[in-house]
Amino acid sequence: MAAPSQTTAAAHQRVLLPTHQSAALAPSVLRLPVCANCNRARLSVSAAAAPAASTAAPSAPADGAVPGKPTVLVAEKLGAAGLELLREFANVDCSYGLSPEELRAKISLCDALIVRSGTKVGRDVFEASGGRLRVVGRAGVGIDNVDLAAATEHGCLVVNAPTANTIAAAEHGIALLTAMSRNIAQADASLKAGKWQRNKYVGVSLVGKTLAILGFGKVGSEVARRAKGLGMHVIAHDPYASADRARSIGVELVSMEEAMATADFISLHMPLTPATNKMLNDETFAKMKKGVRIINVARGGVIDEDALVRALDSGIVAQAALDVFTKEPPAPDNKLVLHENVTVTPHLGASTVEAQEGVAVEIAEAVIGALKGELAASAVNAPMVPAEVLSELAPYVVLAEKLGRLAVQLVAGGGGIKSVKVSYASARAPDDLDTRLLRAMITKGLIEPISSVFVNLVNADFTAKQRGVRITEERILLDGSPETPIDYIQVQIAHVESKFPSAICETGEITVEGRVKDGIPHLTKVGAFQVDVSLEGSLILCRQVDQPGMIGSVGSVLGEENVNVNFMSVGRIAPRKHAVMAIGVDEEPSKGTLTKIGEIPAIEEFVFLKI
Numbered sequence: 011m012a013a014p015s016q017t018t019a020a021a022h023q024r025v026l027l028p029t030h031q032s033a034a035l036a037p038s039v040l041r042l043p044v045c046a047n048c049n050r051a052r053l054s055v056s057a058a059a060a061p062a063a064s065t066a067a068p069s070a071p072a073d074g075a076v077p078g079k080p081t082v083l084v085a086e087k088l089g090a091a092g093l094e095l096l097r098e099f100a101n102v103d104c105s106y107g108l109s110p111e112e113l114r115a116k117i118s119l120c121d122a123l124i125v126r127s128g129t130k131v132g133r134d135v136f137e138a139s140g141g142r143l144r145v146v147g148r149a150g151v152g153i154d155n156v157d158l159a160a161a162t163e164h165g166c167l168v169v170n171a172p173t174a175n176t177i178a179a180a181e182h183g184i185a186l187l188t189a190m191s192r193n194i195a196q197a198d199a200s201l202k203a204g205k206w207q208r209n210k211y212v213g214v215s216l217v218g219k220t221l222a223i224l225g226f227g228k229v230g231s232e233v234a235r236r237a238k239g240l241g242m243h244v245i246a247h248d249p250y251a252s253a254d255r256a257r258s259i260g261v262e263l264v265s266m267e268e269a270m271a272t273a274d275f276i277s278l279h280m281p282l283t284p285a286t287n288k289m290l291n292d293e294t295f296a297k298m299k300k301g302v303r304i305i306n307v308a309r310g311g312v313i314d315e316d317a318l319v320r321a322l323d324s325g326i327v328a329q330a331a332l333d334v335f336t337k338e339p340p341a342p343d344n345k346l347v348l349h350e351n352v353t354v355t356p357h358l359g360a361s362t363v364e365a366q367e368g369v370a371v372e373i374a375e376a377v378i379g380a381l382k383g384e385l386a387a388s389a390v391n392a393p394m395v396p397a398e399v400l401s402e403l404a405p406y407v408v409l410a411e412k413l414g415r416l417a418v419q420l421v422a423g424g425g426g427i428k429s430v431k432v433s434y435a436s437a438r439a440p441d442d443l444d445t446r447l448l449r450a451m452i453t454k455g456l457i458e459p460i461s462s463v464f465v466n467l468v469n470a471d472f473t474a475k476q477r478g479v480r481i482t483e484e485r486i487l488l489d490g491s492p493e494t495p496i497d498y499i500q501v502q503i504a505h506v507e508s509k510f511p512s513a514i515c516e517t518g519e520i521t522v523e524g525r526v527k528d529g530i531p532h533l534t535k536v537g538a539f540q541v542d543v544s545l546e547g548s549l550i551l552c553r554q555v556d557q558p559g560m561i562g563s564v565g566s567v568l569g570e571e572n573v574n575v576n577f578m579s580v581g582r583i584a585p586r587k588h589a590v591m592a593i594g595v596d597e598e599p600s601k602g603t604l605t606k607i608g609e610i611p612a613i614e615e616f617v618f619l620k621i
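Residue numbers in the sequence shown follow my numbering, run continuously in steps of one, and reach 621 at the last position.
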C-alpha cells in the first residue's frame with residue numbers, strides 16, 4: 011500500500027507525549043512514521059535526531075497472511091481467546107522462544123508485538139523495526155522488560171494489561187499466607203522424604219491475628235477482603251489509599267510505623283519504585299514485632315534479601331513466603347530459597363487459567379485499539395495530543411510535572427494528599443488555554459514518585475480519583491499580550507504538614523510556583539518566599555537567618571563533600587529577617603553532608619528534593 015497522501019496524513023496527525031523527562035519533550039525533531047497498512051500517520055517527538063522512517067511499500071506478506079491487514083507478532087504464549095480476537099483483525103505470527111537475533115530479524119515485518127516478561131524489548135528492537143513497529147503490548151502489568159524511552163523516541167505506543175490478573179495475584183498471596191502459617195511446603199517435602207514429623211511442623215492460627223497490607227491498591231484490597239473472611243484483623247498503609255474505601259472493606263489505614271510495630275503478618279503489594287526499593291531492610295525489620303511473618307507477591311526489589319536472611323536467622327522474622335525475587339530466576343544457592351523458614355514459588359502470582367485468558371483478552375483489545383488509532387486507557391508511555399498544543403506547551407509541560415514532583419516531596423510523614431489546587435496565570439481567555447495536558451502532568455508529578463502507575467493524559471483524572479486526590483483548577487486572567495500561553499503555574503497542597511514548613515503560605519497550603527524563562531522551567535516561589543532557580547538536577551532548600559556569609563557557609567560544606575553547585579538563589583521577605591536559599595546540585599548529597607548543612611547555626615530548616 012502506498013504511503014498516505016499529505017492531506018490524509020495531516021488529518022490524522024497526533025503527537026506522542028513521552029512520559030519521561032524534558033529531553034524527550036523538546037520538539038527539536040519531528041519525524042513522520044508512516045503506517046504501512048493503514049491510512050494513518052502521526053508525529054513523534056524526540057530530542058535526538060532519529061533516522062527517517064521508511065515510506066517504502068511493506069515486504070510481501072507471509073504465507074497465508076491477508077494483504078492490507080496489520081501484522082502482530084506474539085512472542086510468548088498467549089491465551090486462545092486473545093489470539094482469536096487478534097486473528098479477526100490482523101495477521102498473527104505466533105513465534106515463541108525467539109532469540110534476540112531472531113526477534114530483530116522478524117520485527118521489521120510487524121506492526122505490533124505482544125510479549126510477557128520473558129522477552130526483552132530494548133532499543134535494538136525498535137531500531138531494527140525500521141519505523142514500522144507501532145504498538146508493543148505487555149501481557150501483564152510490569153513493563154521492566156520494555157525500553158519506554160526508546161519506544162517513545164521511535165513513535166511506538168506501549169500498552170499493558172493491568173487489571174486481569176488482580177484476583178489471581180490476591181489469591182496467591184492468601185495461598186502463601188496459609189501455606190506458610192501451617193508449614194505446608196516443608197511438611198509435604200518431609201513426608202515425601204519418608205519422614206513423619208507431626209511435632210516439628212506445628213503451625214500458627216490466623217484467627218485474631220493482625221495482617222498489615224503495605225500497598226492498598228487493587229490486589230491489596232482483594233487480599234484484605236479474603237483475610238477478613240479468615241477472621242484476621244486487617245490494617246493497611248498506603249499514602250494514596252481512600253479512607254472511605256478502606257472502611258467499606260473493614261480495614262483501618264495506619265502509618266508505616268504502626269503497621270510494622272503491630273502486625274503479626276505483613277503482605278507487600280506496592281510497586282517497585284525508587285521510593286520502595288529495599289523498603290524492607292535492616293532498619294525496618296528492627297522496628298517490627300518479633301516473630302512477624304512476611305508475604306511478598308509484588309516485586310522482589312522491595313525487600314533487601316540479605317537483610318531478610320539476617321532477620322530470619324535472628325528470629326525477628328519467623329517465616330517468609332515469597333513469589334518474587336530481586337533476580338529471577340534466583341541463583342541455585344540463593345539463601346532465601348534454601349532457608350528452612352521460607353516458602354517459595356516461581357513467580358506464579360498471575361498463573362491461573364482464568365487470569366491467563368483474561369490477560370490475553372485485555373492485551374489483545376488494547377493492541378487492536380491502538381492499531382486502529384484509538385486512545386488506549388492502558389497506554390504507559392504515550393497519550394496522544396494535538397501537535398499544535400504540544401508544540402506551544404512543551405516547556406510548560408515539563409514545568410508542570412516538576413512542580414507536582416516538588417510539591418509532593420514537601421509533604422511530611424508520607425501522609426496522603428487529598429486536595430490540590432492548580433492556578434494558571436495567563437493573558438489568554440480561559441477558553442483559549444487548554445490545560446488538560448498540564449493538569450495531567452501535574453498529576454503525574456504528584457503521584458508517580460511513589461507509584462508504579464504511569465500517569466498520562468488518558469488516565470490522569472481516573473488515577474487521581476482512584477487515590478482520593480481532588481485537583482481543582484483556577485485561571486488567573488492577566489493584562490498584557492496573549493502571545494505567551496502562561497505567565498506562571500502555582501501548585502498548592504492543602505490539609506497537610508510539610509517537612510519544610512517555610513513552604514506553607516499564610517493560608518496554610520504547601521505552595522510552589524514556577525515560570526518558563528527562555529524555554530527553561532524555573533522555580534520562582536516557595537511558600538511566601540520569592541526565588542529564581544532553574545529546575546534541573548536536584549535542589550536543596552534552606553530557611554536561614556538573613557545574615558552575611560550564609561551562601562559561603564553552605565557552599566563550603568558542599569565543596570568539601572565534592573558536591574557540585576550549579577546555581578544558588580536567595581529569597582527574603584525583609585532584610586536581616588529570614589530568607590530561603592535554593593541551591594541546585596548536580597549530585598545527591600550524602601546524609602552526612604545534609605546533616606552538616608543542618609548544623610550551620612543560622613540554618614533553621616532544610617530539605618533535599620529530587621527534581
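Every residue gets a Cβ at the ideal spot worked out from N, C-alpha and C, and that includes glycine.
Residue-chain proximity (residue i, chain D), Cβ-Cβ < 7 Å
i, result
"leucine 358", "In the structure shown, chain D does not exist; there is a single protein chain."
For residue i: DSSP bridge partner residues
i, result
"proline 531", "Val526"
"glutamine 554", "Ala589 and Ile613"
"threonine 634", "This structure does not reach residue 634, given that the chain is present from 11 up to 621, and the question cannot be answered."
"arginine 148", "Val125 and Asn170"
"serine 215", "Looking at the DSSP assignment, serine 215 forms no beta bridge with any residue, so it has no partner."
"tyrosine 498", "Ala435"
"glutamate 262", "Ile245"
"lysine 412", "In the DSSP output, where bridge partners are listed per residue, lysine 412 has none listed."
Buried or exposed by the 16-neighbour rule on C-beta atoms within 10 Å, applied to residue i
i, result
"glutamate 181", "buried"
"glutamine 557", "exposed"
"glycine 602", "exposed"
"histidine 247", "buried"
"alanine 33", "Reliability fails at alanine 33, whose pLDDT of 32 lies under 50, so the model's placement of it is uncertain and no value is given."
"aspartate 254", "exposed"
"phenylalanine 472", "exposed"
"alanine 46", "Only weak support exists for where alanine 46 lies, its pLDDT of 37 falling under 50; the coordinates are left without a value."
"isoleucine 607", "buried"
"threonine 81", "buried"
"threonine 605", "exposed"
"phenylalanine 618", "buried"
"glutamate 232", "buried"
"isoleucine 583", "exposed"
"alanine 70", "Because alanine 70 carries a pLDDT of 40, less than 50, the predicted location of this residue cannot be relied on, and the following value inherits that uncertainty. It counts as exposed."
"valine 151", "buried"
"glutamine 207", "exposed"
"threonine 286", "buried"
For residue i, the first and last residue of its enclosing alpha helix (DSSP H)
i, result
"glutamate 94", "90–99"
"arginine 114", "110–117"
"glutamate 315", "315–324"
"valine 233", "228–239"
"methionine 560", "560–570"
"threonine 188", "176–191"
"arginine 309", "Element bounds for arginine 309: n/a, residue is neither H nor E."
"phenylalanine 335", "Where phenylalanine 335 is concerned, there is no enclosing alpha helix (DSSP H), given that its DSSP letter is neither H nor E."
"methionine 280", "Taken as a continuous stretch (DSSP letters only), methionine 280 belongs to no alpha helix (DSSP H), as it is neither H nor E."
Pair within 7 Å by beta-carbon distance, residue i and residue j
i, j, result
"isoleucine 499", "serine 508", "no"
"leucine 332", "valine 302", "no"
"lysine 475", "glutamate 411", "no"
"glycine 147", "isoleucine 373", "yes"
"valine 408", "asparagine 175", "no"
"asparagine 155", "serine 191", "no"
"valine 168", "valine 465", "no"
"isoleucine 530", "serine 544", "yes"
Extent of the continuous beta strand (DSSP E) to which residue i belongs
i, result
"histidine 243", "243–247"
"lysine 300", "Premise fails: lysine 300 is in no beta strand (DSSP E) and is neither H nor E."
"methionine 289", "Segment: none, methionine 289 is in no beta strand (DSSP E) and carries neither H nor E."
"glutamate 484", "480–487"
"glutamine 257", "It is arginine, not glutamine, that sits at residue 257 in the sequence shown. Per DSSP, arginine 257 belongs to no beta strand (DSSP E); it is in the alpha helix (DSSP H), 253–259."
Exercise. If we count Cβ pairs, one from each stretch, closer than 8 Å, do we get three or more for the region 265–278 versus the region 307–315?
Worked result: Under the Cβ criterion (8 Å, minimum of three pairs), the region 265–278 counts as touching the region 307–315.
Problem set entry | Touching by the beta-carbon criterion (3+ pairs, under 8 Å), the region 199–217 and the region 252–268 | no
Exercise. When the Cβ atoms of the region 108–122 are set against those of the region 133–144, are three or more pairs found closer than 8 Å?
Worked result: yes
Exercise. If you pair each beta-carbon of the region 317–336 with each one of the region 284–301, do three or more pairs fall below 8 Å?
Worked result: yes
Problem set entry | Contact the region 581–598 vs the region 549–568: 3+ CB pairs below 8 Å | yes
For this session: Pair every Cβ in the region 156–166 with every Cβ in the region 327–341, then say whether three or more of these pairs are closer than 8 Å.
Result: no
Exercise. Does the pairing of the region 563–580 with the region 442–449 give three or more beta-carbon distances under 8 Å?
Worked result: no
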